[in-house]
Amino acid sequence: MALAVGCRARPGKARDNKTGSWRVFKPFFDHEKCSQCGTCKTICPEGCISEDADGTFTPDYTYCKGCGLCATECPGEAIEMKQEEK
Amino acid sequence: MVDKDLELFDCGHRACGGCGAALAARLVLKGAGTNTIVVSATGCMEVFSTPYPETSWKVPWIHSLFENASAVASGVVASLKKQGRTEKVIVMGGDGATFDIGMLCISGAFERGHDFTYICYDNEAYMNTGIQRSGATPYDASTTTSPAGSCSFGNKLPKKDMPQILAAHGAPYVATASVAYPMDLMQKVEKAINTPGSCYVQIHAPCCTGWGFEGEQTVAIAKLAIETGLWVNFEMIDGKVAKVKKVVRKPVEEYLKTQKRFRHLFKPKRQDAEIAAIQAISDRNAEKYGIDIKLKKE
Amino acid sequence: MLELTEGSLAIADAVRLCRPQVIAAYPITPQTHIVEALADMVANGKLDADYITVESEFSALSACLGASAAGSRTYSATTSQGLALMFEVCFNVAGMRFPIVMSIANRALGAPLSIWNDQQDSISLRDSGWLQFYAEDNQEATDLHYIAFRVAEDNAVLLPAFVCFDGFILSHTYEPVEMLKQADVDKYLPTFAPKERLDAADPISFGMFSTPDYYLEFRYEIDKALKDAKSVIEKAGKEFAQQFGRDYSAMVEGYHLADAETVLVAMGSICGTTKDAIDEMRAEGKKVGLLKIRVFRPFPAQDLAKALSGAKRIAVLDKNISLGSKGALALEIKDALYGSDIPVYDYIIGLGGRDVRKKDIKEVVALAEKGTGDLFYGLKKEVL
Chain A
0 MALAVGCRAR PGKARDNKTG SWRVFKPFFD HEKCSQCGTC KTICPEGCIS EDADGTFTPD
60 YTYCKGCGLC ATECPGEAIE MKQEEK
Chain B
0 MVDKDLELFD CGHRACGGCG AALAARLVLK GAGTNTIVVS ATGCMEVFST PYPETSWKVP
60 WIHSLFENAS AVASGVVASL KKQGRTEKVI VMGGDGATFD IGMLCISGAF ERGHDFTYIC
120 YDNEAYMNTG IQRSGATPYD ASTTTSPAGS CSFGNKLPKK DMPQILAAHG APYVATASVA
180 YPMDLMQKVE KAINTPGSCY VQIHAPCCTG WGFEGEQTVA IAKLAIETGL WVNFEMIDGK
240 VAKVKKVVRK PVEEYLKTQK RFRHLFKPKR QDAEIAAIQA ISDRNAEKYG IDIKLKKE
Chain C
0 MLELTEGSLA IADAVRLCRP QVIAAYPITP QTHIVEALAD MVANGKLDAD YITVESEFSA
60 LSACLGASAA GSRTYSATTS QGLALMFEVC FNVAGMRFPI VMSIANRALG APLSIWNDQQ
120 DSISLRDSGW LQFYAEDNQE ATDLHYIAFR VAEDNAVLLP AFVCFDGFIL SHTYEPVEML
180 KQADVDKYLP TFAPKERLDA ADPISFGMFS TPDYYLEFRY EIDKALKDAK SVIEKAGKEF
240 AQQFGRDYSA MVEGYHLADA ETVLVAMGSI CGTTKDAIDE MRAEGKKVGL LKIRVFRPFP
300 AQDLAKALSG AKRIAVLDKN ISLGSKGALA LEIKDALYGS DIPVYDYIIG LGGRDVRKKD
360 IKEVVALAEK GTGDLFYGLK KEVL
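Chains as they are written, first to last, in numbering that gives the first Met the number 0: chain A, 0 to 85; chain B, 0 to 297; chain C, 0 to 383.
Right, dumping it as structure tokens:
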């Protein structure tokens, strides 16, 4: 890849950095308990949680760092942090 | 209208898990929209989002130096005006870049009244360089250059009142916000960018690494800051306080005990005088901004 | 059309003709007449630019950086302390490859504070990646602004440029200057249309940080672009000659060089005085010549070595000193001549505005002929 004049870049390559590898704990989403409030999606610092067709939410585990904010803030306690099996 | 489903901050950035600043960046961009140009100061947000060739910014973005973002933005705004273009210009700077090293440029830009919005993500210290004290560091917080020790309770100096300083420059809209209240944050950003002139939004962005708490607590701690009166969410229109978030105030201790940077106030010995001094800060904020919800007497 | 005008005003007019969209400048002696003239033009509708009255030189160049990134041709002017304050931004502008042009009314650097001329200020930024042009007289000072914009904005270069001219000596003196017409400048200098700019229609991140994996290569590219600018300067200079009759294609220029035994090397207005002194010395039969350096960055090592190859000795007039070492010109000339036997004598001269007269040039030549050099010329031993 040719060096960009002046150290510039167009967006896209950040996605090459798969921050999911940082995780120690993984959030497990219980869609039955989900009230579809969207809080998790709003407060994820990665912006990796997206809405499914049925209105519940799922993180993109390629990028989820396992910080646990979604689990802490979910008003319905529908997200549980569990240590990941490696 | 804020499109809260718009994602303009790409995954793959290198912020710590649970980072308040990363959350702030995402929310600010939702409030601002695609027709935005961002000028960033050197700092955590700039570093974790743009290691060449990876960039998380899906809007045009420029970083020059630590202290000159406001001056760079002044030039961008002037250029856009000359070209008849409509993009909104926002500056994103940490508290270090804003309160301290960038004072010259931010004062000049606001004095000239360029049509831009300055957004400060306030994590209350120079975090990117390893948690050193800034003009935004609260009283008694321990940082690496204002450490608590046998002869010190940490930062001896009060938090600089940037919102009032910029209101005094004649800024038509000044607001404080917090990652604790995302919708409020996004709406304030949208209001700021649509108010002609130099506007300022200061966002409380707790730093788990620097303050010493688990990343999952970022939003909860931001809420506690407001509930204990140590952070006030307010809006100033043309220099006058117009809207304030009111709370049933909790004692400051509930906020202080959640973070390692205040641990020295409790261990090895409880420092009543210091905690009282911090409570006094909260009381002054409450009086100045009228944040206390008056409970009806039975 | 030939006009008798103050150097600063001629330069301001040249800048006007280059159609900058954004100007950000902070006043500092002896550049003030330029920025005042430009403000006056804007106030009277003669110049369609956004003029930002910034709060410091640091902010001036930063604002220019932002304006350039957003797609505007932009300009500033400074000197001495102001340029020193811009130090950080200068490296930043070059590294980010923005073609900003800045006038430098060369002035000594404090301490001690001095408002008078020498070339320490711009020379101290020779590492920064900026092109550096030095003017001998007000005609050159004026013309070099058109050249500077043209070269800086060339896609093969994309680097900022200083146009340097001696403060007070050139900025504040009246000389006859040929001013160009707008239509002609528009033909010579096309509209600024950078391939990449801050634009919501095509989001780009400017000024990212570089890990050790890439930094060396980024710096190599700047160095290469600066060195390759030589051919761009040649082309731009030749086209200027075709359109306007004055040739700026060469980075160095000889005067009575062909059979010169002693060759003086210098930059800036001192060349004018030197030429007059050479005329007098030649009339007396002395074989003296001058090699004028018009472009200091990129340093014209090859052209210089070729031009000086016939000399018996070289006397360098350095209006600067790298404290603790030698004058910057002498050091680079010695490097260019490495391997040759020709002695190079360094004369630190004219610092802080001390007048250099024809007789001083003659005395320098005499010293060089005696083999005495590497000294502060005219040092007043009685005040030491």
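For each residue, glycine too, the CB sits at the ideal point set by N, CA and C.
Given that a residue counts as buried once 16 or more other Cβ atoms are within 10 Å of its Cβ, and exposed if not, what is E331 (chain C)? Here residue 331 (chain C) corresponds to residue number 332 of the third sequence, with the count starting at 1. Buried is the call here.
In this structure, does DSSP put L68 (chain A) in helix, strand or coil? If you number the first sequence from 1, residue 68 (chain A) lands on position 69. Note: L68 (chain A) maps to helix in three-state DSSP.
Taking 7 Å as the CB-CB limit, is G5 (chain A) close to chain C? Start at 1 with the first residue of the first sequence, and residue 5 (chain A) comes out as number 6. With 7 Å as the cut-off, G5 (chain A) counts as an interface residue toward chain C.
Could I get the ranges of all uninterrupted alpha helix (DSSP H) runs contained in the segment 104 to 128 of chain C, with 4 residues as the minimum, in chain order? 119 to 122
Check whether chain C comes within 7 Å of E13 (chain A), counting only Cβ atoms and requiring the distance to be less than that. As a first step, residue 13 (chain A) is located in the first sequence; it is residue number 14 there, counting from the start. One point to set straight first is that residue 13 (chain A) is Ala, not Glu, in the sequence displayed. So no, A13 (chain A) is outside the interface.
Which runs of the beta strand (DSSP E), 3 residues or longer, sit entirely within the segment 258 to 330 of chain C? 261 to 265, 287 to 292, 294 to 296 and 312 to 317
Name the chain A residues that come within less than 8 Å of E6 (chain B), Cβ to Cβ? For the purposes of this step, residue 6 (chain B) is taken as the residue at position 7 of the second sequence. Within 8 Å Cβ-Cβ: G46.
So Y199 (chain B) is in the beta strand (DSSP E); what residue range does that whole segment cover? Residue numbering aside, residue 199 (chain B) sits at position 200 when the second sequence is read from its first letter. That run of the beta strand (DSSP E) goes S197 to H203.
Touch check for the segment 129 to 148 of chain B and the segment 84 to 95 of chain C: three-plus C-beta pairs under 8 Å? no
Tell me which residue opens and which closes the beta strand (DSSP E) that C73 (chain A) is part of. As a working note, residue 73 (chain A) is residue 74 in the first sequence. From DSSP, C73 (chain A) is part of no beta strand (DSSP E); its letter is neither H nor E.
Among residues of its own chain, excluding the 5 on either side of L188 (chain C), which ones have a beta-carbon nearer than 7 Å to its beta-carbon? The residue you call residue 188 (chain C) lines up with position 189 of the third sequence. C17, Y145, F148 and R149.
If distances are taken between C-alpha atoms only, which option among C:S248, C:A160, C:S324 and C:P26 comes closest to S7 (chain C)? On the third sequence, residue 7 (chain C) is found 8 positions in, with the first residue counted as 1. The shortest Cα separation from S7 (chain C) among C:S248, C:A160, C:S324 and C:P26 belongs to C:P26.
Please report how far the alpha carbon of D117 (chain C) lies from the alpha carbon of L350 (chain C), in whole angstroms. The residue given as residue 117 (chain C) occupies position 118 in the third sequence. The residue given as residue 350 (chain C) occupies position 351 in the third sequence. Rounded to the nearest angstrom, the two C-alpha atoms are 5 Å apart.
For H62 (chain B), report the span of its beta strand (DSSP E) as first-last. Here residue 62 (chain B) is taken as the residue at index 63 of the second sequence, counted from 1. It spans W60 to H62 - the beta strand (DSSP E) in which H62 (chain B) sits, taken as one unbroken run.
Going by C-alpha to C-alpha distance, which of B:G112, B:I118, B:D94 and B:K158 sits closest to T128 (chain B)? The residue labelled residue 128 (chain B) in the question sits at position 129 within the second sequence. Residue B:D94 is the option with its Cα nearest to T128 (chain B).
Should A8 (chain A) be flagged as near chain C, meaning a C-beta pair shorter than 7 Å? For the purposes of this step, residue 8 (chain A) is taken as residue 9 along the first sequence, with counting starting at 1. True, the Cβ-Cβ gap to chain C drops below 7 Å.
Going by DSSP, what residue range makes up the alpha helix (DSSP H) through G19 (chain B)? To locate residue 19 (chain B), count along the second sequence from 1; it is residue 20. Note, G19 (chain B): alpha helix (DSSP H), G19 to A31.
Check the Cβ of L2 (chain A) against every Cβ in chain C and list those closer than 8 Å, keeping chain order. The residue you call residue 2 (chain A) lines up with position 3 of the first sequence. The contacting residues are Y213, E216, F217 and E220.
Using the rule of at least 16 other Cβ atoms within 10 Å of the residue's Cβ for burial, across every protein chain shown, is R269 (chain B) buried or exposed? Residue mapping note: residue 269 (chain B) aligns to position 270 of the second sequence, counting from 1. Exposed, because fewer than 16 other Cβ atoms sit within 10 Å of the Cβ of R269 (chain B).
Consider the Cβ of K29 (chain B): report whether some Cβ of chain C lies at a distance smaller than 7 Å. Here residue 29 (chain B) refers to the residue found at position 30 when the second sequence is read from its first residue. K29 (chain B) does not count as touching chain C.
Do E5 (chain C) and Y173 (chain C) have their C-beta atoms closer together than 7 Å? Looking up residue 5 (chain C) in the third sequence gives position 6. Looking up residue 173 (chain C) in the third sequence gives position 174. Their beta carbons are under 7 Å apart, which means E5 (chain C) touches Y173 (chain C) by this criterion.
Within a Cβ cutoff of 6 Å, which residues of the same chain sit near G153 (chain B), ignoring the five residues on either side of it in sequence? Counted from its first residue, the second sequence places residue 153 (chain B) at position 154. Only D139, A140, S141, S145 and A147 meet the Cβ criterion.
Nearest-angstrom Cβ-Cβ length linking V231 (chain C) and A155 (chain C), presumed shorter than 8 Å: Taking the third sequence and counting its residues from 1, the one referred to as residue 231 (chain C) is at position 232. Taking the third sequence and counting its residues from 1, the one referred to as residue 155 (chain C) is at position 156. V231 (chain C) to A155 (chain C), Cβ: 6 Å. Contact.
Is it right to say V23 (chain A) is buried, meaning 16 or more other beta carbons lie within 10 angstroms of its own, or is it exposed? As a first step, residue 23 (chain A) must be located in the first sequence, where it is residue number 24. With fewer than 16 other Cβ atoms within 10 Å, it is exposed.
DSSP beta-bridge partners of G19 (chain A): Translated into positions along the first sequence, residue 19 (chain A) becomes position 20. Bridge partners of G19 (chain A): none, in fact.
With 16 as the cutoff for other CB atoms within 10 Å, does N105 (chain C) come out buried or exposed? As a working note, residue 105 (chain C) is residue 106 in the third sequence. Result: buried.
Coil, strand or helix - R15 (chain C) by DSSP: If you number the third sequence from 1, residue 15 (chain C) lands on position 16. Helix.
Report, in whole angstroms, the separation of the C-beta atoms of A72 (chain B) and V88 (chain B), which I expect to be a contact under 8 Å. Numbered from its first residue, the second sequence carries residue 72 (chain B) at position 73. Numbered from its first residue, the second sequence carries residue 88 (chain B) at position 89. Correct: roughly 5 Å between the Cβ atoms.
Hey, is the segment 313 to 321 of chain C in contact with the segment 264 to 273 of chain C, meaning 3+ C-beta pairs nearer than 8 Å? yes
Classify Y346 (chain C) as buried or exposed, calling it buried when 16 or more other Cβ atoms lie within 10 Å of its own Cβ. Here residue 346 (chain C) refers to the residue found at position 347 of the third sequence. With 16 or more other Cβ atoms within 10 Å, it is buried.
Straight-line CA distance for L1 (chain C) to A48 (chain C)? Counted from its first residue, the third sequence places residue 1 (chain C) at position 2. Counted from its first residue, the third sequence places residue 48 (chain C) at position 49. If I take the Cα positions, the gap works out to 26 Å.
Are the C-beta of C33 (chain A) and some C-beta of chain B separated by less than 7 Å? Here residue 33 (chain A) refers to the residue found at position 34 of the first sequence. It does not: the Cβ of C33 (chain A) has no partner Cβ on chain B nearer than 7 Å.
Which of helix, strand or coil DSSP assigns to M80 (chain A): One-based indexing of the first sequence puts residue 80 (chain A) at position 81. Strand at M80 (chain A).
With respect to the beta strand (DSSP E) encompassing G74 (chain B), which residues constitute its N-terminal and C-terminal limits? Position 75 of the second sequence, counted from the start, is the residue given in the question as residue 74 (chain B). Looking at the DSSP string, G74 (chain B) is not in any beta strand (DSSP E); the run it does join, the alpha helix (DSSP H), is A68 to Q82.
If we count Cβ pairs, one from each stretch, closer than 8 Å, do we get three or more for the segment 246 to 261 of chain C versus the segment 115 to 130 of chain C? no
Using the rule of at least 16 other Cβ atoms within 10 Å of the residue's Cβ for burial, across every protein chain shown, is R15 (chain C) buried or exposed? Position 16 of the third sequence, counting from 1, holds the residue named residue 15 (chain C). The residue is buried, with at least 16 neighbouring Cβ atoms inside 10 Å.
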